[in-house]
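K.L.:
Quick note: the sequence shown uses this note's numbering, first residue 3, plus one each step.
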Amino acid sequence: MSNLLELERVSRTYGDRRRPVHALHGLDVVVQARSLTAVVGPSGCGKSTFLQCAAGLDRPTAGTVRLAGRDLGHMGERERTRLRREHVGFVFQAFNLLPALTAQENVLLPVRLGGGRCSPEDVARARDLLARVGLDGRGDARPGELSGGQQQRVALARALVTAPDIVFADEPTGSLDQETAAGVLDLLRGVVDRDGATVVVVTHDPAVAARADRVLRLAHGRLVGDTVAVPA
Ligand SMILES: Nc1ncnc2c1ncn2[C@@H]1O[C@H](COP(=O)(O)OP(=O)(O)OP(=O)(O)O)[C@@H](O)[C@H]1O
Ligand SMILES: [Mg+2]
């Protein structure tokens with residue numbers, strides 16, 4: 003099995019020297035390709051910071067992040083942006099949809115940012131993803147016309163539209179009821195089991211953790227638990 007993502011002694015400190023906040027503390031994590039990893043732990047323990055450093059959206063204060071064997075710290079901003087666009091999908095904890103765009107336009111945004119025009123295949127894929135997250139026929143709605151849980155699912159469809167090799171999702175079921183959450187989880191499992199992608203998901207939801215291949219537990223910016231599921 004290949005290591006798609008490697009974090010070596012990664013630290014991330016916010017604030018200034020007099021009042022530092024150590025969000026991550028010398029974290030060592032290796033994630034294998036074609037796996038679903040859940041990241042759990044109490045609020046403020048560093049889960050979102052971990053995800054953003056792993057995805058190359060944030061730079062660690064110290065340590066190394068390698069994605070597909072490439073050291074993100076040795077890349078320029080443009081190169082990292084291109085790597086993210088081509089290989090990474092990201093669902094933000096706060097969704098980050100653009101309010102002026104419709105749901106379908108939001109889903110297609112990564113395609114447009116990557117190269118301009120959307121092909122008919124891209125549009126079909128966006129519609130299919132919206133249907134798969136339970137938003138069939140809502141592609142024309144703007145975020146302001148959608149509930150929190152619906153916006154969250156648009157954000158997930160957007161993260162998947164480019165068929166990324168690795169998907170990072172920050173609490174993708176946080177605003178969903180059990181049944182809708184189970185559907186989202188089916189989709190993420192399918193992305194791993196059927197499409198062969200890799201998913202790292204931050205969650206407070208025991209149902210999500212229960213269906214992960216591995217559960218990483220953080221506390222105070224450190225790894226305090228690493229449980230691998232026994233195949234059924
Ligand atoms: N931009 C920032 N500036 C200063 N401190 C920050 C910043 N972002 C996060 N922190 C601090 O870093 C720590 C880790 O935050 P992080 O957002 O990673 O936690 P989390 O585990 O995702 O929490 P939650 O479950 O509430 O989303 C917290 O103490 C937080 O206050
Ligand atoms: Mg968070």
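The C-beta atom is built at its ideal place from N, Cα and C for all residues, glycine as well.
Would you mind giving the Cβ-Cβ distance between V201 and L69, rounded to the nearest angstrom? I have them listed as a contact below 8 Å.
P.N.:
In fact, because the Cβ distance is near 14 Å, the residues do not count as touching under 8 Å.
K.L.:
Where the beta carbon is closer than 5 Å to any heavy atom of ligand 1, which residues qualify, in chain order?
P.N.:
Answer in sequence order: Y16, V23, A25, S45, G46, C47, G48, K49, S50, T51.
K.L.:
What is the C-beta distance between G223 and C47, in whole angstroms, given that I count them as a contact (C-beta under 8 Å)?
P.N.:
That pair is a contact at about 7 Å.
K.L.:
According to DSSP, is V33 helix, strand or coil?
P.N.:
In the structure shown, V33 sits in a strand (DSSP, three-state: E or B).
K.L.:
Can you find a CB in chain D that lies within less than 9 Å of the CB of Q152?
P.N.:
Going by chain labels, chain D is absent from the structure shown, which holds only one protein chain.
K.L.:
Give the C-beta separation of V163 and L131 to the nearest angstrom, bearing in mind that I take them to be a contact with Cβ-Cβ under 8 Å.
P.N.:
Contact flag correct, Cβ pair sits at about 6 Å.
K.L.:
Quick check on DSSP: helix, strand or coil for V163?
P.N.:
Coil at V163, not helix or strand.
K.L.:
Note down the Cα distance separating A212 from L74, rounded to an integer number of angstroms.
P.N.:
Roughly 31 Å between the two C-alpha positions.
K.L.:
Mind checking whether the beta-carbon of V204 lies closer than 8 Å to any heavy atom of ligand 2?
P.N.:
Within the cutoff, so yes.
K.L.:
Relative to the C-alpha of Q106, which residue among L218, R129, R119 is closest?
P.N.:
Checking every option, the nearest Cα to that of Q106 belongs to R129.
K.L.:
Quick one: measure Cβ to Cβ for G176 and Q154, integer angstroms, because I've assumed they're closer than 8 Å.
P.N.:
7 Å between Cβ atoms; contact.
K.L.:
Taking the alpha carbon of A57 as the reference point, which residue from Q34, L29, L103, V169 has its own alpha carbon closest?
P.N.:
Measuring from the Cα of A57, the nearest candidate turns out to be V169.
K.L.:
Measure the alpha-carbon distance for A209 versus G43 and round it to whole angstroms.
P.N.:
Cα to Cα, A209 sits roughly 15 Å from G43.
K.L.:
Alpha carbon to alpha carbon, how far is H76 from P62?
P.N.:
If I take the Cα positions, the gap works out to 12 Å.
K.L.:
Classify V135 as helix, strand or coil using the three-state DSSP reduction.
P.N.:
Three-state result, V135: coil.
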